[in-house]
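Notes to accompany the following structure.
In the UniProt record's numbering, the protein residues as written are 1 to 268.
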């Protein structure tokens with residue numbers, strides 16, 4: 001697996017397939033492997049690049065001085081420069097969509113298509129922000145995500161009806177439980193504070209190219225409800241797709257639907 005040095009740290013990414021480039025941006029607390037069903041299908045027609053967030057997967061720690069999601073957008077552009085990729089499509093889920101929209105605003109001529117999935121680029125509602133920050137304080141203090149916090153955090157990512165004994169649910173829980181203290185304190189908690197303390201770019205959404213943008217959302221997404229997706233799609237003036245039987249990690253809860261929708265949109 002390849003790495004690129006960005007802002008003094010080693011960023012890990014997957015680079016698979018040939019053809020027009022599609023960049024995949026993952027959710028917070030997940031690495032690039034969350035896109036496995038889509039990578040398998042898309043890489044038959046496209047060159048797929050999927051990066052690991054700082055402190056996630058095999059990427060290094062959060063670079064010094066990072067303060068906003070604009071830094072993530074700038075670093076993703078730097079990765080494309082490193083790979084000598086001029087134009088590409090971007091599919092971002094959750095925080096991947098938050099920095100993805102910023103990248104589209106920073107470099108509109110480089111984006112051929114933009115898909116914003118299970119994401120929101122307005123500010124975090126204040127009660128939710130305070131709640132997440134209180135969880136970050138507990139994780140930072142303990143240097144782990146203890147069992148009672150896992151019981152809170154893990155279900156947030158899935159639809160209500162998911163079987164908690166399913167492999168998807170249990171593997172995610174085990175991954176979070178195994179995170180080492182230094183990674184939590186140096187990267188994951190501070191990155192979480194950047195994500196949930198973000199500024200509002202909703203007023204800039206009309207600047208995006210509506211004809212090249214798609215908003216998608218799991219119909220049972222709890223942290224990023226469909227109402228937020230609809231609000232963004234209306235501001236952009238672009239199509240809006242609800243993903244049935246899916247929560248926040250919609251691409252893994254209904255992979256066939258998501259993969260089909262992505263292929264149709266990217267080919268259009």
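Each residue gets a CB set at the ideal place from its N, CA and C atoms; glycine is no exception.
{"Check": "Alpha-carbon spacing of residue 82 relative to residue 4, whole angstroms", "Outcome": "7 Å"}
{"Check": "Cutoff 6 Å; reference residue 63; Cβ partners in own chain excluding five residues on either side", "Outcome": "7, 8 and 9"}
{"Check": "Assumed close pair residue 156, residue 248 - CB separation to whole angstroms, cut-off 8 Å", "Outcome": "7 Å"}
{"Check": "Limits of the unbroken beta strand (DSSP E) element including residue 49", "Outcome": "47-51"}
{"Check": "Integer-rounded CB distance, given that residue 52 should sit under 8 Å from residue 32", "Outcome": "5 Å"}
{"Check": "Assigned exposure category for residue 128 - 16 Cβ within 10 Å defines buried", "Outcome": "exposed"}
{"Check": "Per-residue DSSP class, three states only, for residue 15", "Outcome": "strand"}
{"Check": "Own chain residues within Cβ distance below 6 Å of residue 91, not counting five before or after", "Outcome": "24 and 115"}
{"Check": "Segment limits, alpha helix (DSSP H) that includes residue 117", "Outcome": "Residue 117 -> not in any alpha helix (DSSP H); beta strand (DSSP E) instead, spanning 111-117."}
{"Check": "Residue from 251, 267 and 268 with nearest C-alpha to residue 30", "Outcome": "251"}
{"Check": "Residues near residue 77 in its chain [Cβ-Cβ closer than 8 Å; skip 5 each side]", "Outcome": "103, 106, 107 and 110"}
{"Check": "Residue range of the beta strand (DSSP E) that includes residue 243", "Outcome": "240-243"}
{"Check": "Where residue 206 falls, given that 16 or more other Cβ within 10 Å makes a residue buried", "Outcome": "exposed"}
{"Check": "Under 8 Å between C-beta atoms of residue 212 and residue 69", "Outcome": "no"}
{"Check": "Assigned exposure category for residue 192 - 16 Cβ within 10 Å defines buried", "Outcome": "buried"}
{"Check": "Presumed contact (8 Å Cβ cut-off) between residue 253 and residue 245, rounded CB distance", "Outcome": "7 Å"}
{"Check": "Any 3 or more C-beta pairs closer than 8 Å across the region 87-101 and the region 123-137", "Outcome": "no"}
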